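Enquirer: Provided herewith is a single structure, encoded as structure tokens, for subsequent inquiry.
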Amino acid sequence: MQTKTYSYFQPEYVKNFKCDGQACGAHCCRRWNIEIDKKTFKKYSHVKPKSAAHEIVKHIKKGTIDNKERYLVQLDKTASCPFLTEDNWCHIQKKYGEEFLSETCVTYPRRTYSFKNFYERALTMTCPVVAATVLVFSEPIKFEHIEVPEIIHNNLNRITSPFSPVPVELWQYIIKIQSAAISILQRRELSIDHRLIVLGFFLDRLDEMIDNNGLEEIDKLTEIYTSDDFIKEYAPIFAQKVNFNAKEFVKIILGTFEALYGGESDFRRKDRRFIDSVVEALQIRVDANNQVAVDEIAQNYLELSKFRKVFVEQYATVFENFLVNEFFLNQYPWKFKGSITYNFGVFVTIYKMLETIAMSKTIQNLKQSKQPPMNKIELTTEIILFVNNVDHNNSYVNKISEQLSGKDNTALLIQSLLQS
627 MQTKTYSYFQ
637 PEYVKNFKCD
647 GQACGAHCCR
657 RWNIEIDKKT
667 FKKYSHVKPK
677 SAAHEIVKHI
687 KKGTIDNKER
697 YLVQLDKTAS
707 CPFLTEDNWC
717 HIQKKYGEEF
727 LSETCVTYPR
737 RTYSFKNFYE
747 RALTMTCPVV
757 AATVLVFSEP
767 IKFEHIEVPE
777 IIHNNLNRIT
787 SPFSPVPVEL
797 WQYIIKIQSA
807 AISILQRREL
817 SIDHRLIVLG
827 FFLDRLDEMI
837 DNNGLEEIDK
847 LTEIYTSDDF
857 IKEYAPIFAQ
867 KVNFNAKEFV
877 KIILGTFEAL
887 YGGESDFRRK
897 DRRFIDSVVE
907 ALQIRVDANN
917 QVAVDEIAQN
927 YLELSKFRKV
937 FVEQYATVFE
947 NFLVNEFFLN
957 QYPWKFKGSI
967 TYNFGVFVTI
977 YKMLETIAMS
987 KTIQNLKQSK
997 QPPMNKIELT
1007 TEIILFVNNV
1017 DHNNSYVNKI
1027 SEQLSGKDNT
1037 ALLIQSLLQS
């Protein structure tokens, strides 16, 4: 009997991933909301004897995530899952078998989306093992089409894949759109900012086609933007159109930091791991009215332009891998409710926050005479911490929306966020 298979489009690294709680200290079993799906909760409730069922379900209570009721594991005093053993294994899996794991525990760090006739899957950088592997790739991340057996696809009927946020009418074009965007992000002859500028114009043209019901032109658009001749001729022209506005940049970045780490006038009291270095590098201070001196900070940022350029060039492959994975994993430019332009703005803002943190940390290390001031391992650690903060704090999206208000076209966004 022939086994049923499902078509997947995914980065090649996915098939090589293996969860290793020993390597990361069971990172995903600590400090996070751990959701238990209803089907698994019911299974736990019927474990025999009843005393064993009670020992499990007493640690699971109803709570809310994204304003929806969920069954959530109640973490212990160390902010760890109560089922986590001393050797970083799951007690439930050990005693009852892998089939007793919840959907969340089975799938993490994988994220899969259904397009009805095919699926897309990638891994999140919140997993230290994933980040430590993927971010340090020296070659561009490669993608593949594979056929996945049914038993792996649904893992004994315990896994359901949500439909992608991409509009249904675009499903037949999505792989070409994503492949074109990824190709742009992997144009190593261009700086990271220059690639993002080209990506912005590509998405702007895509948005225009969709609005004008020109879907039949999408194939041609993707072919053009992946052409070597087009990039060589038009990428410099795109960059020349950018007149970077450092003041707007500072407003957006500091306003978004506020949502993640505290008020603009209260930077030093929140998450010192990130903020102290940013405060020091950009010389953030408040004026007599307790307002952040935006003009002064903008000038400080501009004075760091040469250093920033060298820093980003030095770690361009790491930033490239981060951007490619985040774009594909999160189904940009449709991750958030709103326009393609808005999604592009969020995507770039998140990257710019990360870049600012990493650059500031390097400057701090230089002042402390640390050698080397930053390496790929340390940068990877910064990225893991940052992604964890972003992925587990929904308020940053609302704050980015506030900061991007009025910047409803690609040109304004690019000038506010990117330097050619």
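My numbering puts the first residue of the sequence shown at 627, with every later residue one more than the last. Glycine included, C-beta positions come from ideal geometry on N, C-alpha and C. Here the structure is a predicted model, which means the values were calculated and not measured.
(1) Do the region 683-701 and the region 652-666 touch if we need at least three Cβ pairs shorter than 8 Å?
(2) If you compare alpha carbons, which of Lys-978, Leu-1038 and Leu-1043 is closest to Ile-1009?
(3) At 3 residues or longer, and completely inside the region 801-837: list those beta strand (DSSP E) runs for me, N to C.
(4) Less than 8 Å between the C-beta atoms of Leu-880 and Val-912, yes or no?
(5) Let me make sure I understand the geometry here. Which of Leu-980, Pro-999 and Ile-767 has the alpha-carbon closest to that of Ile-989?
(6) Determine, using beta-carbon pairs with one atom in the region 966-981 and one in the region 769-777, whether at least three such pairs fall under 8 Å.
(7) Under 8 Å: do the region 794-813 and the region 837-845 share three or more Cβ pairs, one atom per stretch?
(8) Can you name, in chain order, every residue of its own chain whose Cβ lies under 7 Å from the Cβ of Thr-882, other than the five neighbours on each side?
(9) How would you call Gln-1067, buried or exposed, if buried means at least 16 neighbouring beta carbons within 10 angstroms?
(10) Can you list the beta strand (DSSP E) stretches of 3 or more residues lying completely in the region 713-798, in chain order?
(11) If you reduce the DSSP assignment to three classes, tell me which class Gly-689 lands in.
(12) Could you tell me the boundaries of the alpha helix (DSSP H) in which Leu-1039 lies?
(13) Terminal residues of the continuous alpha helix (DSSP H) containing Leu-949?
(14) To the nearest angstrom, how far is it from the Cα of Thr-631 to the Cα of Lys-641?
(15) Rounded to the nearest angstrom, how far is the Cβ of Glu-601 from that of Phe-945, given a contact under 8 Å?
(16) According to the neighbour-count rule (16 or more other Cβ atoms, all chains shown, within 10 Å of its Cβ), is Gly-651 buried or exposed?
(17) Once you ignore the five residues that flank Pro-735 on each side, which residues in its own chain have a CB closer than 6 Å to its CB?
(18) CA-CA distance, Ser-677 and Phe-973?
(19) Using the Cα positions of Cys-716 and Asn-783, report the straight-line distance between them to the nearest angstrom.
(20) Find out if the Cβ-Cβ distance for the pair Ala-984, Leu-1005 is shorter than 8 Å.
(21) Restricting to Cα atoms, I'd like to know which of Leu-832, Tyr-634 and Ala-865 is closest to Ile-803.
(22) To the nearest angstrom, how far is the alpha carbon of Phe-893 from that of Val-936?
(23) Report buried or exposed for Asp-845, applying the criterion of at least 16 other Cβ atoms within 10 angstroms of its Cβ.
(24) Quick one: is Leu-1043 buried, meaning 16 or more other Cβ sit within 10 Å of its Cβ, or exposed?
Expert: Quick look at the numbers:
(1) The region 683-701, when compared against the region 652-666, does touch it at the 8 Å Cβ threshold.
(2) Looking at the Cα atoms, Lys-978 is the closest of the given residues.
(3) Counting only runs of at least 3 residues, the region 801-837 fully encloses no beta strand (DSSP E) element at all.
(4) No, they are not a contact pair.
(5) Among Leu-980, Pro-999 and Ile-767, the Cα nearest to that of Ile-989 is on Pro-999.
(6) No, they do not touch.
(7) Cβ pair count under 8 Å is three or more, so yes.
(8) Only Thr-975, Met-979, Tyr-1022, Lys-1025, Ile-1026 and Gln-1029 meet the Cβ criterion.
(9) No answer is possible for residue 1067: it lies beyond the span of the chain, which begins at 627 and ends at 1046.
(10) Secondary structure within the region 713-798: the beta strand (DSSP E) runs of 3 or more consecutive residues, fully enclosed, are 736-740, 745-749 and 769-775 (chain order).
(11) The answer is strand: DSSP assigns Gly-689 an E or B state.
(12) Unbroken alpha helix (DSSP H) run through Leu-1039: 1036-1043.
(13) The continuous alpha helix (DSSP H) containing Leu-949 extends over residues 942-955.
(14) Each residue's Cα considered, the two are about 15 Å apart.
(15) Outside the modelled stretch of the chain, which goes from 627 to 1046, sits residue 601, for which no answer is possible.
(16) It counts as exposed.
(17) Within the same chain, Pro-735 has close Cβ partners Leu-749, Thr-750, Cys-753 and Val-756.
(18) Ser-677 and Phe-973 have their C-alpha atoms spaced approximately 49 Å apart.
(19) So the alpha carbons of these two residues sit roughly 21 Å apart.
(20) Contact flag set, yes.
(21) Taking each of Leu-832, Tyr-634 and Ala-865 in turn and checking the Cα distance to Ile-803, the smallest one comes out for Leu-832.
(22) Low confidence applies here, because Phe-893 scores a pLDDT of 44, under 50, leaving its location unreliable and the question unanswered by this model.
(23) So Asp-845 counts as exposed.
(24) Looking at its Cβ environment, which holds 16 or more other Cβ atoms inside 10 Å, Leu-1043 is buried.
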